[in-house]
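Remarks on the structure that follows.
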Amino acid sequence: MCTIDQASTISPTATGSVNEANIVNPKLLKVLQKVVHPKCKLHNDDYLNLLFNHLTQPPNLPNSLSVEEQKSIMLFLPVWLKSTVAQFEKCKDPPNPQVLYFILNVSRHISSNEQTFVTLNSEDVFEKLIEIVKRVSKPSISVALIQLISVIVDHKSGLQWIISTNHWKFYVDLVLSNETVYILKEGNSFITKLLVKSVAFNSTFCDNVINTILTPLEFVTRKLTDKEDVSGNDFKWLVSTLQNLNTLLVGLLNDSKCTENDIYSLFVDKFKLTSRMKELISLSQNNDLTFHAMKLFITLRYHQMKVRFFDIPFISADSQDNPLYDVYDIYCQAVSMLPAVQTFHLLNWSFTCWVKIKSSMPMCLIKGHQGSLEDQILMIQYIPIFTVFIKFFGIKIYTEENDDLRVHFCNKYYRRICPRTVGVKYKWLPYFLDNFSFANGVLALKFVLHSKKLFPKDTGILAFQILFSLLHDFLVFVKENRELQLPFLKEPEYIALHLNVMEILIEEFDVTWKDSVETLWVMLQMRDLLSDFVWPTKIVVNALKLAKKTVSKYLTFQMALLIDDNQSTALCDFPILLKAKLHDGAWEIRDSSVELVTQFAISNCTSSDVAWHSEYFSRSTAKLQFESFKKAMLENDFPRHILDMSTGDGSPYVRSSALKCLQEIVKDETFWSNIVEQSDIFTILLRILQMETEGMVRSEAANLVGSIFEHQQIPDELLGKFYNAMSHAVVSDLHWEVRVSALKFWELVVDDRLTQQGMIDGSFPSVTFSVQKKIVTLNPAEIRKRLIAVLLELSEMGCLYVFYEALRDDCDLEVAKCATRAVANFADLLKQYEVTERAVEEFAPSSPLVVGKRIDEFPVGKETTMDLGFCSPSQSSYSECIMDEILDTRDLNLLESVLNSLDTPVMENVQFKERVVLSPIKFLDLVYGDLRSNLEDKTKAIRNLDSFQSLLDDILKEYEPDDRNAMDCY
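Take the sequence shown: its position 76, counting from 1, is numbered 165 in my numbering, and each next residue is one higher.
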């Protein structure tokens, strides 16, 4: 039980020289009282975390406290902490862990001020708090305590307190005896900071800490030397110690100043850690122990390399005093002593250590040329990949000099390798061949991806070139010996990952054809891979993605012109192959094929290409001269196939991709004419908007309508149906993405109407031409008249009502934002030229520019099914038909064709509402209210849900005492 002393509770007369409680938020006072109340039961731990975040976040962030509020809280929290600790000290029961975690975080925050720490420590607040913490054994509490002590160590007074009280032993033992990742991370960071801050003035203390850390190493090494039995717990204890040591030392690698008195020197010189690791590696029979000993040895050697070569301009790779030679010896030992995955971890660890010291290292010369350690580690990483191909094709593929490109690459390759790397190769290659597994090649590729963030660009390009050459040799040999494909079919993951890594390296390092001429052959490789062989789905998908990357980066329109008539190029027959893939049984392959066609369409004549080559080509000239992709797409009827897939494919992802592709296709006049001649694209689009069940497909369909409206022309007789469909999409669709896409269409409609009235690039010129080709002066009165005409036209279309509803949307903020952006410029024009209600009333009856009738009231919306010339299939009759076919089928193999017919999209006939006509006057009422202000109010209201005051209210409602009457809800 815990009794509450009234004197210990927080009140306006709490202890303190300044009565800060009087200026602190009263709700915060009440919350802080409530959460530490013994009868308070926590139902939501997130509230305390959010409360702490609000108390500590910088004042310049949204929903943060003001500077004055934070100052008053920082003065009050020490008073609250002292009172709370005194209250908990009197309780026999341990406090709630969530509350204690919050208290420790608050303590850490206020202890960042040294004066606050000194004041609280003088009253033994932290001594009492530590004793309270010892009664609660939870990892989160241990982490919070270590974080608190780590902040205290930043102060000189705090460091002296830690050393003098011997509390450091408790924290060091806590870290060394724990396996929780977060405790180890925070604990090692604390120990590192403790050693760094104390080494300058108390080396004896540092020796004591290091001796404590090294105790398991001395104990187990002695037992191994004496050939005594070592238990599993002893191994576990030592492995944990090595992990902690490595984390601690690598954290110092950046900070090491290469002096004799730094922490590293204590470990290496005084405690002989390097020689101890060598001894442990030779004695160990346990994989984990050997791995962590090797890892720590590598860290130590990188430190010694930094010390030895500090401030030296350059070194030779043949230098005999290079500490890295010992690291190469570790690589050679590891391949036969450790599993492959641990061996690769050692290589990756070398990368990590090298990056930390690279900036202070001299240039390395290999055979007179500049070399890099990254290249050496990459070559070693690739050895298991080489063995995949050597195993089946032999070593001759690397010695065969059958083209100048290969000779050039091999010469460059060998110039960048130092002799020690070659030595590791001759050690690793026989081992991986004798213990061959595709899994080793896959593992090597995964580690290349894992370590690519540490590569400089030159190493990344080299990594790509090696994979390209291996794939080239693979295709040559498998084409000549078909039976060699079988092992790769049984293990498809390797080739799939090989292709994926090539694509990622191209993207990650922005490899251009100037960087690597091999990139220009990738398309040819993908053609050979897909046309000459049958592969599993994953390989085909990755090959298509790599082809897409090649088209986007390397087949510019000038290059396409050069290869258009050459029958040996991949561009001639790749489209034929792609056409077949559009009809593949796997939806992933169809989807990737559609994306590749989209890239062809984008590359046909993108605006960026035109802008980049503006000094050479005009826009029209670029379209005329860039015929290669267009010719291939038309000859293979891609536009029609993609249109068919947008409605007929069974996968919504493929239908969505097909509609995205059409958005690019319709921008080209030739493609557009081809589509219109062969199909009724308008009816198809209306059908999708009305009957498609998937929101992402309807969204892309709405985008396609906008693309057609912008780049081509919708027939006048169909505009009404499209206005109905797009109005329904904004007002009634349940998916916000569809509504936003439809709003973009209406924004295009507004721009089009303004352009029809003479606007150019967002403003009206001083003069324009009338329909009769007469010059018209555009003074403010004339512009006002034209704007009113636009306003009336938009009203009749239903456009004003669409914007009106979207702007009032309280559910989807994105919809309201999009509507505001769409209307804002038009609204500014109306205000600029004084288009008021009176101006509309005066103009409307007599204006010859008004389209349709003037409507001042909301008509009642009617639901209607558009007459599109088709109807949705009857589900019941369709199901009965399928059952009849199954019952009539005697051969079970024929059932496949029956069931495959189910792979068609499900359509539902949705009732469209007729567009509602909003009077211009009602729209002007909305315009002359502040649109942007209304949106800001909505945004602010949503943001206030996370405000500090709202959080305090939620906590007060949530954490009610248990004795509250459950019926007392009024």
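All C-beta atoms, glycine included, are put in the ideal place defined by N, C-alpha and C. All values derive from a computational prediction rather than experimental measurement.
Checklist entry - Cα separation between Gly795 and Leu140? => result 46 Å
Checklist entry - Ordered along the chain, which non-local residues of its own chain (more than five positions away) have a Cβ less than 8 Å from that of Pro412? => result Arg390, Tyr391, Gln393, Met394, Arg397
Checklist entry - Going by DSSP, what residues sit across from Ser746 in a beta bridge? => result Note: Ser746 sits in no beta bridge, so no partner.
Next on the checklist: Quick check on Met848: does DSSP put it in helix, strand or coil?
Outcome noted: coil
Item to check | For Thr866, the first and last residue of its enclosing beta strand (DSSP E) | outcome: 864-866
Checklist entry - Quick one: complete beta strand (DSSP E) runs, 3+ long, within the segment 385-448? => result 403-405
Checklist entry - When DSSP builds the beta bridges, which residues end up paired with Cys453? => result Ile404, Gly460
Item to check | Exposed unless 16 or more other CB atoms sit within 10 angstroms - verdict on Thr254 | outcome: exposed
Next on the checklist: Considering only the alpha carbon of each residue, which of Val879, Asn589, Pro581, Glu572 lies closest to Ala636?
Outcome noted: Asn589
Item to check | Buried or exposed by the 16-neighbour rule on C-beta atoms within 10 Å, applied to Trp602 | outcome: exposed
Checklist entry - Is Val207 helix, strand or coil by DSSP? => result helix
Item to check | DSSP three-state assignment for Phe557, whether helix, strand or coil | outcome: helix
Item to check | Three-way DSSP call (helix, strand, coil) for Gln752 in this model | outcome: helix
Next on the checklist: Can you tell me where the beta strand (DSSP E) holding Val856 begins and where it ends?
Outcome noted: 856-858
Next on the checklist: Measuring straight from C-alpha to C-alpha, what distance separates Met780 and Pro741?
Outcome noted: 13 Å
Checklist entry - Arg505: buried (16+ other C-beta within 10 angstroms of its C-beta) or exposed? => result buried
Item to check | CA nearest to the CA of Leu248, picked from Asp822, Thr608, Phe279, Phe177 | outcome: Phe279
Checklist entry - Nearest-angstrom Cα distance between Asp680 and Ile162? => result 57 Å
Next on the checklist: Restricting to Cα atoms, I'd like to know which of Asp1014, Ser373, Pro127 is closest to Lys312.
Outcome noted: Ser373
Checklist entry - On the three-state DSSP scale, how would you describe Cys507? => result coil
Next on the checklist: What does the Cβ neighbour count give for Ala233, buried or exposed, with the cut at 16 atoms within 10 Å?
Outcome noted: buried
Checklist entry - How is the alpha helix (DSSP H) around Asp1014 delimited, first residue to last? => result 1009-1017
Next on the checklist: Tell me the residue span of the alpha helix (DSSP H) that contains Ile235.
Outcome noted: 228-242
Next on the checklist: Contact criterion: CB-CB distance below 9 Å. Does Ser740 meet it with respect to chain D?
Outcome noted: The displayed structure is made up of one protein chain only, and chain D is not part of it.
Checklist entry - If we call anything under 9 Å between Cβ atoms a contact, is Val240 one with Ser211? => result no
Next on the checklist: I'd like the list of long-range same chain contacts for Gln714, defined as Cβ closer than 6 Å, with 5 residues on each side in sequence excluded.
Outcome noted: With a pLDDT of 40 at Gln714, under the threshold of 50, the modelled position of that residue is not reliable, and the figure given next carries that caveat. None.
Next on the checklist: Taking the straight line between their C-alpha atoms, what separation do you get for Phe718 and Trp835?
Outcome noted: 32 Å
Checklist entry - Per DSSP, what kind of secondary structure is Thr269 in: helix, strand or coil? => result coil
Next on the checklist: Alpha carbons only, please: which of Val743, Phe290, Leu462 is nearest the one belonging to Glu783?
Outcome noted: Val743
Checklist entry - Within this structure, are the beta carbons of Val513 and Ile472 separated by less than 9 Å? => result yes
Checklist entry - Leaving out the 5 sequence neighbours to the left and right, which residues in its chain are closer than 6 Å to Ala585 when beta-carbon positions are compared? => result Lys627, Ile628, Asn631
Item to check | Of the listed residues Leu748, Leu334, Met383, Ile754, nearest to Leu723 (C-alpha basis) | outcome: Ile754
Checklist entry - Where does Gly321 fall in DSSP's three states? => result helix
Next on the checklist: What does the Cβ neighbour count give for Ile665, buried or exposed, with the cut at 16 atoms within 10 Å?
Outcome noted: exposed
Checklist entry - Can you list, in chain order, the stretches of the alpha helix (DSSP H) that have 4 or more residues and sit fully within the segment 885-928? => result 888-896, 902-921
Checklist entry - What are the uninterrupted segments assigned as alpha helix (DSSP H) that are 4 or more residues long and contained completely in the segment 154-227, given in chain order? => result 156-178, 186-200, 203-211, 214-222
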